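Q:
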């Protein structure tokens with residue numbers, strides 16, 4: 404791969420990461436706004452019965468859980484952007500070969516190529532099985 408092609412690939416990947424990060428940040432902002440609106444509405448409404456409070460607590464918990472997942476994705480995207488700046492993005496952490504652009508489009512913060520990821524997951528399954536057998 405020549406320098407121009409490599410530079411073009413890096414720029415395409417940067418734009419992909421930035422677009423995905425912006426999308427996730429918008430989701431986070433919308434979730435936060437909804438959560439704040441719900442909390443304000445709760446304070447302004449008259450006294451709710453136990454069932455209403457239970458439903459509201461459940462909805463609030465669900466919103467916060469989704470928010471946490473989105474925040475984790477954003478942090479992973481930030482890490483991918485940092486690896487891109489360091490020249491390590493798009494390279495498998497295990498075998499150091501380039502991760503396919505298709506994989507990076509599907510999972511922009513992927514740290515392993517497909518083969519190494521499968522291998523890692525297989526090892527994880529074996530370890531979990533051994534742990535269950537030890538119990």
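Numbering (our numbering), first residue to last: 404 to 538. For each residue, glycine too, the CB sits at the ideal point set by N, CA and C. Please read these numbers as outputs of a predicted model, since none were measured by experiment.
#1: Distance check for residue 533 and residue 526, CA to CA, integer angstroms please.
#2: On a CA-only basis, which of 410, 423, 522, 432 is nearest residue 498? Give me that one, please.
#3: To the nearest whole angstrom, what separates the beta carbons of residue 477 and residue 428, a pair I think is in contact under 8 Å?
#4: Taking 7 Å as the limit between beta carbons, can you name the residues of its chain near residue 492, skipping five residues before and five after?
#5: In the DSSP assignment, what are the bridge partners of residue 494?
#6: Using the Cα positions of residue 488 and residue 471, report the straight-line distance between them to the nearest angstrom.
#7: Are residue 511 and residue 434 touching if we call contact CB-CB under 8 Å?
#8: Whose C-beta lies closer than 7 Å to the C-beta of residue 413 among residues of the same chain, with five residues either side of it excluded?
#9: By alpha-carbon positions, which one of 529, 504, 535, 464 ends up nearest to residue 411?
#10: Please classify residue 514: is it buried, with 16 or more other beta-carbons within 10 angstroms of its beta-carbon, or exposed?
#11: Would you check if the distance between the CB atom of residue 437 and the CB atom of residue 465 is smaller than 8 Å?
A: Short version:
#1: Taking the Cα positions, residue 526 is about 11 Å away from residue 533.
#2: Nearest C-alpha to residue 498: 522.
#3: Indeed they touch by this definition, with Cβ atoms about 6 Å apart.
#4: Answer for residue 492: 416, 483, 486, listed in chain order.
#5: Beta-bridge partners of residue 494 (DSSP): 501.
#6: Residue 488 and residue 471 have their alpha carbons spaced roughly 26 Å apart.
#7: Residue 434 sits away from residue 511, with the two beta carbons spaced by 8 Å or more.
#8: Once the five neighbours on either side are set aside, the close Cβ partners of residue 413 are 487.
#9: When only C-alpha atoms are compared, the closest one is 504.
#10: It counts as buried.
#11: Their beta carbons are not under 8 Å apart, which means residue 437 does not touch residue 465 by this criterion.
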